[in-house]
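The sequence shown begins at 1 in the UniProt record's numbering and counts up one residue at a time. Where is the CB? At the ideal position from N, CA and C, for every residue including glycine.
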Amino acid sequence: MCAKVKSKEVTVEREPVSSPDHIFIKGARVHNLKNVSVSIPRNKLVVVTGVSGSGKSSLTMDTLYAEGQRRYAESLSSYARQFLMRMNKPDVDYIKGICPAIAIEQKVITRTPRSTVGSMTELYDYLRLLFARAGRTYSPVSGQLVKKHEVADVVDFISRLPHGSKVQILVPFRQHANRKAPEELNILMQKGFSRLYTDGGLVRIEELLEEKSPKIPASAYVLIDRIVVKDFEEDDKHRIADSIQTAFYESEGDCILEVDGKLAQTFSNRFELDGIQFEEPVPNLFSFNNPYGACPTCEGFGQVLGIDADLVIPDKRLSVFEGAVAPWRGEKMGEYKEALVKAARKFNFPIHKPVSELTDEQVKLLWTGNEHFYGLNEFFKMVEQNLYKVQYRVLQARYRGRTVCPTCNGARLRKEALYVKVGEASIADLVEMPVEKLKVWFDGLELNEYQQQVSKRILIEVHHRVKTLLDVGLGYLTLNRVANTLSGGESQRIQLTRTLGSNLTNSLYILDEPSIGLHARDTHRLIRVLHELRDLGNTVVVVEHDEQLMEQADYIIDMGPLASHLGGEVIFEGTYPEILKDGKSLTGKYLSGHLRIEPPAHLRKWKRSITLEGCRQHNLKNIDVEFPLGVLCVVTGVSGSGKTTLVKQILYPALMKLKGEFTDRVGTHRLMKGDMDHITQIEMIDQNPIGKSSRSNPVTYIKAYDEIRDLFSKQPLSKMRGFQPKHFSFNVDGGRCDTCKGEGEVIVEMQFLADVHLTCETCGGKRFKDEVLEVQYKGKSIYDILEMGVDEAIEFFKEEKDVAGKIRPLSDVGLGYVKLGQSSDTLSGGEAQRVKLASFLGKGKAQGHILFIFDEPTTGLHFHDIRKLLASFNALIEQGHSVLVIEHNLDVIRSADWAIDLGPEGGEGGGKLLYAGVPEGLKKVKESYTGKFL
């Protein structure tokens with residue numbers, strides 16, 4: 001079968017298999033795919049690899065997944081379809097043998113502070129159900145179990161009494177507020193009750209009514225029934241049950257038994273104890289997203305706007321005596337500090353010790369105060385009482401910030417939910433545990449027979465999900481960790497946990513680089529999970545560059561040969577041993593060792609550095625870390641060892657704050673010292689898209705389009721027609737086509753069908769008016785320029801040094817294949833990150849000293865692209881800047897001048913500084929997993 005390409009592109013001839021046990025894609029032309037036909041074996045683990053921009057995502061996500069989703073949507077009614085996202089039909093001849101498709105992408109899928117790891121994995125939903133069905137409520141006053149008595153409980157109690165015991169069933173006599181005693185007694189008579197029980201024994205109600213003003217003692221009871229205990233027959237039991245039911249009804253929940261003349265037992269079918277009415281456990285009581293269960297103060301967020309401890313004591317290096325407490329400075333407010341200083345010796349409070357070295361009890365005392373001095377809580381109460389004075393309003397505003405909710409202590413739930421326990425733990429205790437400890441807790445959980453019956457199915461689901469979280473290397477996370485603080489890789493592996501929990505079979509799973517953010521140590525566990533998924537009878541297609549994953553795959557598809565318009569072809573299909581021998585595959589050459597990334601011959605020496613001392617945020621164990629400047633420094637360690645905490649939550653915000661920039665809260669540390677003044681700017685370069693607009697593109701982002709527009713406005717025809725640079729912009733009216741507003745296409749909305757993208761009839765897709773397109777430079781119109789690749793444009797503009805110089809950085813970071821006018825929403829995460837990098841390379845040396853922080857820049861990069869990325873890093877350092885990288889990739893670690901390794905484990909077992917020095921020395925550190933893999 002020969003697939004001919006419609007356009008003037010190369011003809012790609014392949015003979016893929018088309019059979020029932022394969023998914024067969026014929027003639028895919030999405031983005032840069034060149035009429036690709038490919039066969040994917042079903043029920044296998046298939047890796048799709050290739051250089052960045054070669055068409056991997058176009059083939060998997062935009063063709064295979066899009067078609068799987070669209071076919072599912074087409075099976076619904078037209079009414080239902082209009083509520084779904086409109087699915088575009090991918091540009092492909094046909095796909096045979098496709099099964100229902102599930103895509104797991106690497107985006108951080110949620111930005112809401114309500115979403116947590118527990119809710120994303122659905123583990124929290126099962127915990128809510130467990131507590132509602134098997135939870136037991138304990139009184140916070142006496143610590144006793146709160147029980148609601150049923151009729152059967154009372155019948156059982158009576159049946160167990162000695163034979164011959166005389167039992168009277170009583171309820172308290174209650175007089176209605178608006179009724180007199182005779183009236184109340186009359187009503188009881190009408191209901192069929194004939195006796196009251198008082199201290200003097202039984203009294204007939206008729207006799208009481210004969211008195212003019214009957215006196216009824218406060219402790220009077222109404223007699224419901226009298227029983228002599230024996231071997232009860234079925235009829236007897238029914239009669240007793242009816243009497244007890246009547247007692248509960250008449251007294252609104254109470255039933256009292258008098259046995260042989262003594263008040264023996266009180267039963268209540270109200271859920272109360274110690275004078276407290278408790279809530280009965282239902283799933284919604286444990287939901288912080290439901291008004292019934294959410295803490296009323298913070299409404300289920302766990303945080304409120306209150307007094308921020310970090311603002312009250314901003315510099316923890318100072319002691320109380322030196323003025324660590326910011327609001328207690330100055331003459332008037334200083335009286336509070338003086339009171340503490342004078343009284344400190346009475347209770348041994350160290351006023352000369354830095355606040356960072358005080359114990360938790362001493363810091364707590366500073367807030368609560370005692371009989372000798374007013375603490376900070378009392379101080380801010382005083383401020384609140386004086387808010388009618390403007391200076392106190394200013395004072396309060398200065399120290400307000402997000403703090404842990406005082407009512408629920410961050411548990412997010414109302415206090416009644418926390419009285420319910422399973423195995424001596426409340427639901428708040430469980431969500432605070434790292435998943436590793438949670439597994440140990442569930443393994444040791446002991447339940448009674450009833451609890452085992454109701455929670456059997458729930459526990460199966462919980463164990464399965466907890467095991468998967470551990471398998472994908474996320475054992476260090478807690479269930480209450482907010483979802484928007486997770487990295488892309490963590491987010492993706494959590495989605496994988498949820499999807500695996502559903503145990504689907506005969507489905508197509510498409511994963512986009514699940515190994516991101518995973519240390520080489522944990523990759524084998526991820527592979528085991530993917531194999532499990534395959535063994536259930538699913539087809540697993542993974543877009544991936546990881547060598548371990550390719551080695552364990554059943555089948556590999558290599559896209560290439562290069563990227564963008566130079567890619568989009570299938571270079572290789574087959575197994576791992578076959579790709580090693582393939583001469584055409586770039587991936588194969590790197591895997592077999594014919595090509596490799598060589599570490600630098602000489603390491604750079606450094607003189608300047610920044611040191612963080614006493615880092616204690618999250619799991620960091622009070623470590624001191626020195627970051628050298630003017631070199632390539634890599635922070636590494638297993639997933640969850642504290643890399644992101646150290647760099648993104650302490651170093652970056654601390655430097656930004658020092659520069660007076662707006663930033664997130666700075667993580668807990670003692671002090672930062674070193675050559676901070678040497679740095680003029682800090683840039684965090686992540687993989688977020690460079691622009692949401694379909695008109696945003698690389699050439700406008702790096703500010704090179706301004707030069708091109710200026711050049712066109714200087715052409716003779718432009719001057720004759722009075723065209724200015726703005727006429728060559730597709731973002732403002734003037735020169736752009738009025739019909740499509742410079743988009744080049746018109747979108748027709750089709751309600752429940754996919755939107756139709758039509759080439760604009762007015763400009764023919766060229767985005768500009770005809771009179772603007774007539775202006776040419778070297779025979780090319782502005783539209784032709786935007787259609788050029790970066791490398792082609794550099795050659796074309798070689799005489800215009802300004803233009804070529806502005807475009808060149810895109811080529812330097814390995815984006816020579818991208819078209820100048822390519823829409824930025826078609827760029828991958830790695831490409832977006834490198835466009836940002838190019839924009840800095842293009843600014844040259846005039847900018848002072850910038851510290852660049854990269855968070856896993858090798859995401860989505862092929863071996864070949866990592867080589868180019870390292871060259872870009874070196875170019876930045878040559879310009880006099882510093883580069884700090886959080887990374888697991890072994891090639892990048894080898895190529896660094898300085899390596900900082902955290903570990904040894906993730907979560908509680910991590911947070912220690914294992915090594916800081918040249919990468920070569922890391923191999924000698926026994927505890928370091930990174931050293932072993934190097």
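C-beta contact flag for residue i and residue j at 9 Å
i: K96; j: F24; result: yes
i: L511; j: V472; result: no
i: I40; j: I557; result: yes
i: Q492; j: E513; result: yes
i: H519; j: H888; result: yes
i: Y652; j: M684; result: yes
i: F723; j: F712; result: yes
i: V171; j: V222; result: yes
i: I224; j: F267; result: no
Extent of the continuous alpha helix (DSSP H) run through residue i
i: W328; result: Here W328 belongs to no alpha helix (DSSP H), and DSSP marks it neither H nor E.
i: D235; result: E234 to E250
i: R225; result: For clarity, residue 225 is Asp in the given sequence; the question names Arg instead. Note, D225: premise wrong, no alpha helix (DSSP H); beta strand (DSSP E) at Y221 to V228.
i: E74; result: A66 to E74
i: Q879; result: Careful: Q879 lies outside any alpha helix (DSSP H) and carries neither H nor E.
i: A804; result: K801 to D812
i: T930; result: Y929 to F933
i: F840; result: G829 to L841
i: L459; result: E449 to D471
i: D791; result: V790 to F796
i: residue 940; result: Past the boundaries of the shown model lies residue 940; the chain is included only from 1 to 934, so the question cannot be answered.
Simplified DSSP state of residue i, which is helix, strand or coil
i: N370; result: strand
i: E403; result: Residue identity check: residue 403 is Thr in the sequence provided, not Glu. Reduced to three states, the DSSP call for T403 is strand.
i: D308; result: coil
i: H663; result: The sequence shown places Thr at residue 663, rather than the His named in the question. Correct three-state label for T663: coil.
i: L500; result: helix
i: Q144; result: coil
i: V818; result: coil
i: F442; result: helix
i: F349; result: coil
i: F157; result: helix
i: V540; result: strand
i: G489; result: helix
i: E105; result: coil
Through-space distance from residue j to residue i, alpha-carbon basis
i: S219; j: D199; result: 8 Å
i: T680; j: E626; result: 19 Å
i: E578; j: L586; result: 13 Å
i: R160; j: G410; result: 47 Å
i: E272; j: V141; result: 12 Å
i: K456; j: S319; result: 55 Å
i: L208; j: G201; result: 14 Å
i: A344; j: F321; result: 11 Å
i: F933; j: L890; result: 8 Å
i: R195; j: R204; result: 4 Å
i: T63; j: S54; result: 14 Å
i: G537; j: C99; result: 12 Å
i: G369; j: P406; result: 17 Å
i: P857; j: E749; result: 38 Å
i: L717; j: A483; result: 57 Å
i: D429; j: P628; result: 41 Å
i: I458; j: V167; result: 43 Å
i: K6; j: D91; result: Here K6 scores only 41 on pLDDT, less than 50, and its place in the model should not be relied on; the value that follows carries that caveat. C-alpha separation (whole angstroms): 12 Å.
i: N290; j: N503; result: 28 Å
i: L358; j: G805; result: 57 Å
Unbroken beta strand (DSSP E) run spanning residue i, endpoints
i: W898; result: W898 to G903
i: N57; result: Here residue 57 turns out to be Ser, not Asn, going by the sequence shown. Where S57 is concerned, there is no enclosing beta strand (DSSP E), although the alpha helix (DSSP H) it sits in stretches over K56 to L59.
At least 3 beta-carbon pairs within less than 8 Å: the stretch 888–902 vs the stretch 632–644: By the Cβ criterion, the stretch 888–902 is in contact with the stretch 632–644, since at least three pairs of Cβ atoms, one from each stretch, lie closer than 8 Å.
Segment contact, 8 Å Cβ cut-off, at least three pairs: the stretch 121–139 with the stretch 411–422: Touching, yes, given that three or more Cβ pairs across the two stretches are closer than 8 Å.
Validate contact between the stretch 831–842 and the stretch 775–785 using beta carbons, cut 8 Å, 3 pairs: Contact between the stretch 831–842 and the stretch 775–785 is absent, because fewer than three Cβ pairs lie under 8 Å.
Touching by the beta-carbon criterion (3+ pairs, under 8 Å), the stretch 814–822 and the stretch 694–703: Contact holds: three or more Cβ-Cβ distances are below 8 Å.
The stretch 732–746 in contact with the stretch 761–771 per 3-pair CB rule at 8 Å: Yes: at least three Cβ pairs fall under 8 Å.
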